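Numbering of the sequence shown is given in the numbering used here, commencing with residue 1 and proceeding in unit increments.
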Amino acid sequence: MAKAKARVKAPKKVKQGEIFEVKTLIPHKMESGQRKDKKTGEKIPRMIINKFVCTYNGKEVISSAWEGAISANPYLSFFIKADKSGTLDFTWTDDSGAVVSKSAKLTVS
């Protein structure tokens with residue numbers, strides 16, 4: 001997953017006190033561990049993104065623990081209230097411990 005290219009859509013500029021939407025998507029197979037390999041009959045090991053965290057200026061605004069029922073290429077949308085200019089930091093962690101991080105700058109007027 002370390003090479004996965006996460007996508008984040010968030011406004012670059014918002015007004016103070018405005019509630020804005022953030023959309024994220026990351027390419028990942030999200031293998032639940034329930035399927036069998038068609039050729040070998042062996043169970044395909046579980047390999048999912050199990051944690052997502054977003055911080056706004058270092059303060060955690062959303063954290064979620066994901067399980068096997070999350071579909072491939074997980075999409076997540078959530079809302080944040082604009083306080084002051086700064087950075088949104090996003091982190092996805094999978095079962096292997098691989099981490100993908102992305103940041104977005106936010107200007108509040």
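Yeah, the Cβ is synthetic: ideal placement off N, Cα and C, and Gly gets one too.
All values derive from a computational prediction rather than experimental measurement.
Nearest C-alpha to residue 22 among 106, 78 and 97: 78.
Secondary structure within the segment 11-95: the beta strand (DSSP E) runs of 3 or more consecutive residues, fully enclosed, are 19-25, 49-56, 59-65, 75-81 and 86-94 (chain order). In the displayed model, residue 109 falls within coil according to three-state DSSP, outside both helix and strand.
In the three-state DSSP reduction, residue 104 falls in the strand class (E or B). Between the alpha carbons of residue 31 and residue 59 lies a distance of about 31 angstroms. Using a Cβ distance threshold of 8 angstroms, residue 82 and residue 10 do not count as a contacting pair. Between residue 66 and residue 80, the CB-CB gap reaches or exceeds 8 angstroms. Between the C-alpha atoms of residue 89 and residue 70 there is a straight-line separation of about 22 angstroms. With respect to the 8 angstroms criterion, residue 93 and residue 51 are classified as neighbours on the basis of their beta carbons.
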